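Chemist: My structure is below; once you've seen it, I'll send some questions.
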Amino acid sequence: MIYEKLFENAYNAARFFRKKNLQSLLTSESLATYESLGVQYISDEEYNDAVLPYWKKYGRKPQKFWFELYGSREKIIEPGFIPADIYFTELIPYINNLDMMNGATDKCFYEHWFPRVRHAKTICRRIGGLYYDDDMHQISEKTALSLCLGHEGELVIKPSIYSCNSLNIHVIDPSGCDEKEVLGIFNSVGANFIAQDKIRQHPELSRLNPDSVNTIRVNSLLTENGVYIPSSSIRVGAPGEDRVSVGSGGFFAEILDDNTLSDKALIDSVEWKDSGRGMEEQLLHKVKWMADCAGGRYSAGFTIPAMDKIRRQVEMIHPVMAHFKWIGWDWTVDEEGEPVFIEFNCSPGIIVSQMNSCRPVFGEMTEWIIEDYFIHRTWEKNQQQGIICI
Numbered sequence: 068m069i070y071e072k073l074f075e076n077a078y079n080a081a082r083f084f085r086k087k088n089l090q091s092l093l094t095s096e097s098l099a100t101y102e103s104l105g106v107q108y109i110s111d112e113e114y115n116d117a118v119l120p121y122w123k124k125y126g127r128k129p130q131k132f133w134f135e136l137y138g139s140r141e142k143i144i145e146p147g148f149i150p151a152d153i154y155f156t157e158l159i160p161y162i163n164n165l166d167m168m169n170g171a172t173d174k175c176f177y178e179h180w181f182p183r184v185r186h187a188k189t190i191c192r193r194i195g196g197l198y199y200d201d202d203m204h205q206i207s208e209k210t211a212l213s214l215c216l217g218h219e220g221e222l223v224i225k226p227s228i229y230s231c232n233s234l235n236i237h238v239i240d241p242s243g244c245d246e247k248e249v250l251g252i253f254n255s256v257g258a259n260f261i262a263q264d265k266i267r268q269h270p271e272l273s274r275l276n277p278d279s280v281n282t283i284r285v286n287s288l289l290t291e292n293g294v295y296i297p298s299s300s301i302r303v304g305a306p307g308e309d310r311v312s313v314g315s316g317g318f319f320a321e322i323l324d325d326n327t328l329s330d331k332a333l334i335d336s337v338e339w340k341d342s343g344r345g346m347e348e349q350l351l352h353k354v355k356w357m358a359d360c361a362g363g364r365y366s367a368g369f370t371i372p373a374m375d376k377i378r379r380q381v382e383m384i385h386p387v388m389a390h391f392k393w394i395g396w397d398w399t400v401d402e403e404g405e406p407v408f409i410e411f412n413c414s415p416g417i418i419v420s421q422m423n424s425c426r427p428v429f430g431e432m433t434e435w436i437i438e439d440y441f442i443h444r445t446w447e448k449n450q451q452q453g454i455i456c457i
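This note's numbering numbers the first residue of the sequence shown as 68 and each following residue consecutively.
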C-alpha cells in the first residue's frame, strides 16, 4: 500500500504542475503578442455589465482580454466565450480523460482505430523504436529504408506522437535520396513516426494553396444523444511552404453551415526560434483579418468540397473514442473527392476556433458544459482514475 500511495502522490503532483505550467503560459501578458487586431474595444463598463455577471455565478472573474480577442472579427461582446486558461486547465481535463491521450492519438494506429474512413497510404512506421510495415508486421530498419526508397512519388515522414504545429515533418522525393539521407530523417524524427504517401488534394483545395495539403478542422462533442458539431474551419498554408500550422503564414477561415467560407480570413504569421531541444518555439504572433480574399486565393462563398461527407464521418467515428467527449478532427479531400483522415486532437485549440467563428467554442452546448463543470458534475464519473499496481 505504501508504494501505491507514493505513486498516487507523484501522479497527482504531476497533474498539479502541468496545470500550473499551463496557467503561467495562458496569461494576457504572454498572449498579448497578438498584434494588429485592435482588440481593445470593450469598455470596463461594458465588461462589468455584460461579462462579469455571467461568470460570477460560477465563481470566476476572467480577464477582459479573452473576450476582446475572441470577438475581434465583428467587435462583439459575448460573455459565453471560454477563456483559454479555464478551457485548458479545467474544462479539457474534466471533459476528456487525458491519461488515455498519448496512446490513443498515436498516428501509427489510426487505421486500426478508424478502419471505415480513408487514410493516406502507409509505407512504414516506427513504434517505440521498432519498425513495422503497412500491415503491422515487424520489419528491420533496412527493410523500412528499402520501402521508403522504393516508393514512387513524394513521401511524408512525420512524428506519430508528441507532435504539434506541423513541426519536424519531412516531405521527400525518394528518387532523389539515398539510404544515408533517409536514415538521417529517421533519426531526426525519432523513435515514433509514420511514413506515408503524400496526399494529392482536391483541385478546389489546391486553389487555396497548392504547396500545402490544406486541412479541415471539425470540432465535435460526444453526448448521450449523439455527436454534436458546433464549428468547422479550414487551415491553409502559405505559398511556398508545405506545412499547415498556426503561425505558418497561411490563413484560417470559418466553414459555414452551407459549406462555404466566411467573408473574413484570419491571416496568421509567427516568428520562430530554435529551442535547442529539437523543436521550435514561437516568439510573436502577428495576425490580422482580411476581408473577401487571402492573397487573392479565395473570395466569400468559396465552397469546400465533400464537407457534408466529412461531417457524417466524424459522426460515425467519434463514438469509437468515448474517453474523449470533445475532439478536434483534421481532414483533407483527395483528387477523387473523398475525405481523407489526417489526425485528431484531444485538446483542440480554442483561440483561433473562437476567433474564427466569433461565437463560443461549444456552440449551443456551451452553457450546458459550463454549468455541468461548475455546478452539476454529471460527467465527473467519466474520468475514473485507475490505481497503479506493482
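Virtual Cβ for every residue (Gly too), placed ideally from N, Cα, C.
Treat the numbers as computed from the prediction; the structure is a model and nothing was measured.
In the DSSP output, what is residue 237 paired with across the bridge?
Modeler: BP columns for residue 237 point to 224.
Chemist: For residue 345, count the other beta carbons within 10 Å of its own beta carbon; 16 or more makes it buried, fewer makes it exposed. Which is it?
Modeler: Low per-residue confidence applies at residue 345: pLDDT is 48, beneath 50, and the placement is therefore not dependable, though the value from the model is reported in the following sentence. Exposed, because fewer than 16 other Cβ atoms sit within 10 Å of the Cβ of residue 345.
Chemist: State the Cα-Cα distance for the pair residue 182 and residue 258, rounded to the nearest angstrom.
Modeler: Cα to Cα, residue 182 sits roughly 24 Å from residue 258.
Chemist: State the CB to CB distance for the pair residue 296 and residue 285, rounded to an integer number of angstroms; the pair is presumed to be in contact (CB under 8 Å).
Modeler: Their Cβ separation, rounded to whole angstroms, is 6 Å, which keeps residue 296 and residue 285 in contact under 8 Å.
Chemist: Please go through the same chain and pick out, in chain order, the residues whose beta-carbon is closer than 7 Å to the beta-carbon of residue 140, but skip the five residues on each side of it.
Modeler: So the qualifying residues of the chain are 331, 356, 422 and 425.
Chemist: According to DSSP, is residue 291 part of a helix, a strand, or is it coil?
Modeler: Looking at residue 291 - three-state DSSP - the assignment turns out to be coil, as it is neither helix nor strand.
Chemist: Put residue 298 into one of helix, strand or coil per three-state DSSP.
Modeler: Three-state result, residue 298: strand.
Chemist: Do the CB positions of residue 227 and residue 174 come within less than 8 Å of each other?
Modeler: Contact: yes.
Chemist: For residue 406, name the three-state secondary structure that DSSP assigns.
Modeler: Strand.
Chemist: Is there contact between the segment 128 to 136 and the segment 402 to 417, where contact requires at least three CB pairs shorter than 8 Å?
Modeler: Short answer: they don't touch.
Chemist: Here's the rule I'm using: 16 or more other beta-carbon atoms within 10 Å means buried, otherwise exposed. How should residue 385 be labelled?
Modeler: Classification of residue 385: buried, given that the 10 Å Cβ count is 16 or more.
Chemist: Distance, Cα to Cα, residue 169 vs residue 229?
Modeler: Answer to the nearest angstrom: the Cα atoms are 8 Å apart.
Chemist: Counting Cβ pairs closer than 8 Å, one from the segment 203 to 219 and one from the segment 138 to 157, do we hit at least three?
Modeler: These segments do not touch.
Chemist: Can you confirm whether the segment 387 to 404 touches the segment 270 to 288 when touching is taken to mean that 3 or more C-beta pairs between the two stretches lie within less than 8 Å?
Modeler: Yes, the segment 270 to 288 touches the segment 387 to 404.
Chemist: Could you check which residue in 166, 236, 305 and 244 has the C-alpha nearest to that of residue 218?
Modeler: Ranking the options by Cα distance to residue 218, first place goes to 244.
Chemist: Quickly, what does DSSP pair residue 198 with across the bridge? List them, please.
Modeler: In DSSP, residue 198 forms a bridge with 193 and 206.
Chemist: Find the nearest neighbour of residue 419 within the set 380, 298, 365 and 239, judged by alpha-carbon distance.
Modeler: Looking at the Cα atoms, 298 is the closest of the given residues.
Chemist: Give me the Cα-Cα distance between residue 178 and residue 114, rounded to the nearest whole angstrom.
Modeler: One C-alpha to the other measures close to 47 Å.
Chemist: I need the straight-line Cα distance from residue 162 to residue 370, nearest angstrom please.
Modeler: The straight-line gap from Cα to Cα measures roughly 33 Å.
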